[in-house]
Amino acid sequence: MSSLRILRTFLAVCTEGSFTAAGHRVGLTQVAVGLQMRTLEADLKRKLFTRAGKQVALNEQGRALMPIATQLVALYEQAKHGTQANAPLAGTVQFGSIVSALSELVRATLELKRHHPAVDLHVVSGKSNRLIAQVENHELDAAVVVHDPALKRPSLVWTPLYAEPMVLLTSRSSRLADPETMVERYPFIRFDRTEHTGELVERTLRRLRAKPQEFMELNSIETIVELVSDGMGVAMLPLLARHAWDRNPQLRVVPIPQAAESRQIALVQLRTAARAEVVTAVGQQFMAARGMAV
1 MSSLRILRTF LAVCTEGSFT AAGHRVGLTQ VAVGLQMRTL EADLKRKLFT
51 RAGKQVALNE QGRALMPIAT QLVALYEQAK HGTQANAPLA GTVQFGSIVS
101 ALSELVRATL ELKRHHPAVD LHVVSGKSNR LIAQVENHEL DAAVVVHDPA
151 LKRPSLVWTP LYAEPMVLLT SRSSRLADPE TMVERYPFIR FDRTEHTGEL
201 VERTLRRLRA KPQEFMELNS IETIVELVSD GMGVAMLPLL ARHAWDRNPQ
251 LRVVPIPQAA ESRQIALVQL RTAARAEVVT AVGQQFMAAR GMAV
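Dropping the structure here:
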């Protein structure tokens with residue numbers, strides 16, 4: 001269906017920002033992409049891009065078409081695979097992941113590709129807020145992120161993956177006590193309050209009624225762990241799914257049972273995702289690798 005091929009090319013141009021990069025994504029030359037876009041504009045009787053040399057950008061008409069094109073392609077895929085239940089998965093899908101889940105997502109994508117060689121999967125890492133924005137802007141098909149239940153976006157679908165309870169991380173050289181005493185006794189290295197993980201830290205502190213000895217505020221779990229390991233202070237962090245903190249002779253992991261906060265990790269995608277069947281398959285592979293029911 002030539003119209004659907006042109007719409008897929010249009011969505012690739014929206015994502016990549018140039019005819020050349022879009023051509024690499026869909027297997028066409030830059031000239032072929034340009035001809036398809038001019039055909040689309042002629043069919044719709046309106047311009048979709050502003051052009052400046054080799055650079056193209058969506059104009060207002062193009063931005064209005066993007067969600068419609070996404071939905072049309074998604075509906076076709078659903079109809080196609082609904083009538084061919086055993087059809088092999090295929091297509092190019094862009095995934096994102098927070099750093100702590102990156103290795104598991106890569107393993108899931110590689111395992112899926114082993115069974116479905118026609119699937120072309122790409123994975124990038126980043127912060128949750130940025131990844132969610134990229135999914136909303138059609139730059140990514142899906143992402144593994146920290147799910148903030150307060151984030152109400154009707155255009156997004158969330159699939160829960162696992163939870164990470166909040167713990168207190170201290171150096172082995174520190175004198176062990178209850179968590180509220182330790183955050184007041186030692187310099188407290190706080191996770192960035194503008195991130196959802198930082199909000200969980202703050203809520204946990206409130207539950208403990210603890211007044212920490214504020215020291216510094218950072219946006220990197222890895223850097224915070226390194227500083228605690230060097231004896232620079234204590235920190236409250238989510239217990240990462242594949243951590244090695246308890247095997248580090250310089251670190252101590254202290255549970256916080258009375259503060260029932262946990263970080264929820266989820267797979268997020270657009271409700272009208274064009275490759276929903278591939279995203280679902282990766283999510284199932286991800287959970288299967290963790291021994292979860294799918």
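Those letters in the sequence shown? Residues 1 to 294, by the UniProt record's numbering.
In this text, a Cβ means the ideal position worked out from N, Cα and C, and glycines have one as well.
Requested in this report: Hey, could you find the ends of the alpha helix (DSSP H) ASP120 is sitting in?
Outcome: Counted as a single uninterrupted DSSP element, the stretch harbouring ASP120 is not any alpha helix (DSSP H) but the beta strand (DSSP E) occupying residues 119-125.
Requested in this report: Over the uninterrupted beta strand (DSSP E) stretch that includes ILE265, give me the two end residues.
Outcome: 262-270
Requested in this report: Using only alpha-carbon positions, find the residue among ASP120, GLN250, ARG275, ALA64 that is nearest to ARG172.
Outcome: GLN250
**Report entry** THR272 and THR9 closer than 8 Å at C-beta
**Finding:** no
Query - Buried/exposed call for VAL279, threshold 16 Cβ in 10 Å - result: buried
Report task. Select from VAL157, ALA42, ALA143 the residue whose C-alpha is nearest the C-alpha of PRO149. Result -> It is VAL157 whose Cα lies nearest to the Cα of PRO149.
Requested in this report: Could you tell me whether the segment 136-144 touches the segment 221-236, using the rule of 3 or more Cβ pairs below 8 Å?
Outcome: no
Query raised in the report: Sorted by chain position, which residues of the same chain lie with C-beta nearer than 8 Å to PHE191's C-beta, five sequence neighbours on each side aside?
Result: THR197, GLY198, VAL201, GLU217, LEU218, ASN219, ILE221, ILE224, ALA235, MET236, LEU237
Query - Contacting residues, own chain, Cβ-Cβ under 8 Å from TYR186 (five flanking each side not counted) - result: THR170, SER174, GLN213, GLY233, VAL234
Requested in this report: Have a look at ARG153, SER18, ARG203 and flag the residue whose alpha-carbon is nearest the alpha-carbon of PRO165.
Outcome: ARG203
Query raised in the report: Are the beta-carbon atoms of LEU48 and GLU41 separated by less than 8 Å?
Result: Contact flag set, yes.
Query raised in the report: Since SER155 contacts LEU270 with CB under 8 Å, what's their CB separation in whole angstroms?
Result: 6 Å
Query raised in the report: Helix, strand or coil for GLY231 per DSSP?
Result: coil
Requested in this report: Verify whether the separation of the beta carbon atoms of PHE95 and LEU121 is less than 8 Å.
Outcome: yes
**Report entry** Test item: CB-CB of GLU180 and ARG209 under 8 Å
**Finding:** yes
Query raised in the report: For SER125, which option in ILE189, LEU110, VAL145, PHE19 has the closest C-alpha, if you only look at C-alpha atoms?
Result: VAL145
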